[in-house]
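Engineer: There's a structure below that I have some questions on.
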Amino acid sequence: MPNRAQAARRLAYMSQTWQEMPVLCAIAERFGLRAPIVADRFKTHAPVFDRPAEMNHRFYPMHKPPMNGLVKLVGILMLTAITIAVTARIADPAAHAEAIDKHTNARAKMVRTIEDHARGLPDILGAGGIALEVLDVMGEVERHLFVPVPRRAIAYADRPVSIGYGQTISQPFIVALMTHLLGAEADDAILEVGTGSGYQAAVLAPMVARVCTIEIISGLGRRAEALLADLGFENVRVKIADGYHGWPECGPFDGIVVTAAADHVPPPLVAQLKPGGRMIIPVGGVFATQYLTLIEKSASGQIRTRLLLPVRFVPLTRAGQ
Ligand code: SAH
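Here's what the structure looks like:
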């Protein structure tokens with residue numbers, strides 16, 4: 062368990078990403094820390110968690126120190142040196158092996174960070190945290206392959222990463238949390254709405270019998286489909302469509318995970334959930350608070366809905382919008 066100061070440092074670092082900020086706030090609260098309300102953190106400020114609540118202003122501007130000529134020159138020289146070194150190593154098989162190791166280590170670190178976050182949400186996750194199976198799979202799936210090449214260096218960072226078309230691959234902790242909450246079993250059929258990079262589907266695929274995933278942006282869906290096939294995920298089917306309507310021919314489903322925020326729970330998805338099935342979906346408007354919501358359908362078909370925690374997702378868009 063990190064102490065308060067360690068937690069504060071980690072949270073301040075994590076909060077430089079824009080998504081899932083409310084999760085950070087929830088964790089911060091557990092350590093008696095408070096985050097400022099954040100409107101536009103990316104451009105002008107980063108929240109600071111390590112102050113007593115009464116000292117907490119709303120915003121903390123990040124002042125960029127002006128760069129003088131000498132600093133710039135040293136920067137350029139260093140960049141050149143790094144480029145030469147990297148180029149020299151690309152042709153070197155030993156360097157290639159080292160790069161593979163680097164990703165393995167980054168993944169192991171990512172899993173430890175997920176476990177740390179999970180300890181901050183005992184109400185939702187209990188003392189056991191994220192299921193070991195989920196952590197194991199996330200320790201194996203090569204997340205960097207789902208991230209565009211120029212952003213691979215941050216593929217395992219504790220943050221969402223842009224995947225083009227204005228979309229993001231979710232922060233690793235959120236992927237872990239949603240996968241855990243689905244509680245999927247080996248012979249389950251799962252529907253994902255919002256294929257994006259294909260990463261969430263790749264995390265689900267080894268744990269279940271089959272994954273059907275729908276993406277509305279054809280460029281993203283086709284790219285994910287090709288990558289998943291290349292990587293040998295044979296039990297994943299990808300469809301380009303508006304996922305609001307689900308995929309009846311692929312269902313019914315033991316679990317449904319929606320990775321974009323809807324302003325209401327789409328009734329077709331509820332209809333395609335088997336009795337005893339579960340759906341995880343962020344619900345809330347683009348400018349309103351969104352809640353990660355767990356929907357359970359009982360054996361008799363009754364629906365139980367629980368709002369779990371505030372989150373921030375890209376919106377579920379509708380065909381024709
Ligand atoms: N699960 C993805 C990330 C999802 S980002 C991953 O692991 O990478 C949300 C995705 O939902 C985006 O790719 C977006 O294009 C898609 N999306 C938004 N509205 C949708 C809709 N109505 N139907 C299907 N996909 C949708």
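Read the sequence shown against the working numbering and you will find it ends at 382, with the numbers running on by one and no gaps.
Beta carbons: idealized from backbone N, C-alpha and C, even for Gly.
Decide if residue 204 is buried, meaning its Cβ has at least 16 other Cβ atoms within 10 Å, or exposed.
Structural biologist: Here residue 204 corresponds to residue number 143 of the sequence shown, with the count starting at 1. Burial call: buried.
Engineer: Per DSSP, which residues does residue 243 bridge with? Please list them.
Structural biologist: Mapped onto the sequence shown, residue 243 falls at position 182. DSSP lists no partner for residue 243.
Engineer: Can residue 303 be considered in contact with the ligand SAH, in the sense that its beta carbon sits closer than 6 Å to one or more heavy atoms?
Structural biologist: Stepping through the sequence shown from its first residue, residue 303 is reached at position 242. Flag set: Cβ of residue 303 near the ligand SAH.
Engineer: Which whole-angstrom value describes the C-beta separation of residue 272 and residue 281, a residue pair presumed to lie in contact below a C-beta threshold of 8 Å?
Structural biologist: Here residue 272 refers to the residue found at position 211 of the sequence shown. Here residue 281 refers to the residue found at position 220 of the sequence shown. That pair is no contact at about 16 Å.
Engineer: Rounding to the nearest angstrom, what Cα-Cα distance links residue 315 and residue 250 in this structure?
Structural biologist: Taking the first residue of the sequence shown as 1, we reach residue 315 at position 254. Taking the first residue of the sequence shown as 1, we reach residue 250 at position 189. Cα-Cα distance, rounded: 6 Å.
Engineer: What does the alpha-carbon distance come out to for the pair residue 77 and residue 356?
Structural biologist: Translated into the one-based positions of the sequence shown, residue 77 becomes position 16. Translated into the one-based positions of the sequence shown, residue 356 becomes position 295. At residue 77 the pLDDT is 46, less than 50, meaning the model places this residue with poor confidence and gives no usable figure here.
Engineer: Going along the chain, which unbroken runs of the alpha helix (DSSP H) with 4 or more residues stay wholly within the stretch 180–248?
Structural biologist: Those alpha helix (DSSP H) runs which fall completely within the stretch 180–248 and span 4+ residues are 183–186, 193–201, 233–243.
Engineer: Pick helix, strand or coil for residue 172, following the three-state DSSP scheme.
Structural biologist: Start at 1 with the first residue of the sequence shown, and residue 172 comes out as number 111. If DSSP states are grouped into helix, strand and coil, residue 172 belongs with the helices.
Engineer: Quick one: any contact between the stretch 332–340 and the stretch 254–269, if contact means 3 or more CB pairs under 8 Å?
Structural biologist: Touching, no.
Engineer: Measure the Cβ-Cβ separation of residue 341 and residue 318 and say whether it is below 7 Å.
Structural biologist: Residue 341 sits at position 280 when you count from the first residue of the sequence shown. Residue 318 sits at position 257 when you count from the first residue of the sequence shown. Result yes, Cβ atoms of residue 341 and residue 318 sit closer than 7 Å.
Engineer: Between residue 208 and residue 191, how many whole angstroms is the CB-CB distance? I'm expecting something under 8 Å.
Structural biologist: Residue numbering aside, residue 208 sits at position 147 when the sequence shown is read from its first letter. Residue numbering aside, residue 191 sits at position 130 when the sequence shown is read from its first letter. Not quite, the Cβ-Cβ distance comes to about 21 Å (not below 8 Å), so this is no contact.
Engineer: By Cβ distance below 6 Å, which residues in the same chain neighbour residue 343 in space, the five residues on each side in sequence not counted?
Structural biologist: Working through the sequence shown from its first residue, we reach residue 343 at position 282. Counting only Cβ-Cβ distances below 6 Å, and skipping sequence neighbours, we find 322, 351, 353, 372, 374.
Engineer: Assign residue 141 to one of three DSSP states: helix, strand, or coil.
Structural biologist: Here residue 141 refers to the residue found at position 80 when the sequence shown is read from its first residue. Residue 141 falls in the helix class under three-state DSSP.
Engineer: Any contact of the stretch 286–302 with the stretch 325–332, i.e. 3+ C-beta pairs under 8 Å?
Structural biologist: No: fewer than three Cβ pairs fall under 8 Å.
Engineer: On the three-state DSSP scale, how would you describe residue 250?
Structural biologist: For this step, residue 250 is matched to residue 189 along the sequence shown. It is a strand residue.
Engineer: Just list the beta strand (DSSP E) runs in the stretch 272–354, keeping only unbroken ones of 3 residues or longer that don't cross its boundaries, in chain order.
Structural biologist: DSSP runs (the beta strand (DSSP E)) wholly in the stretch 272–354: 297–301, 314–319, 334–344.
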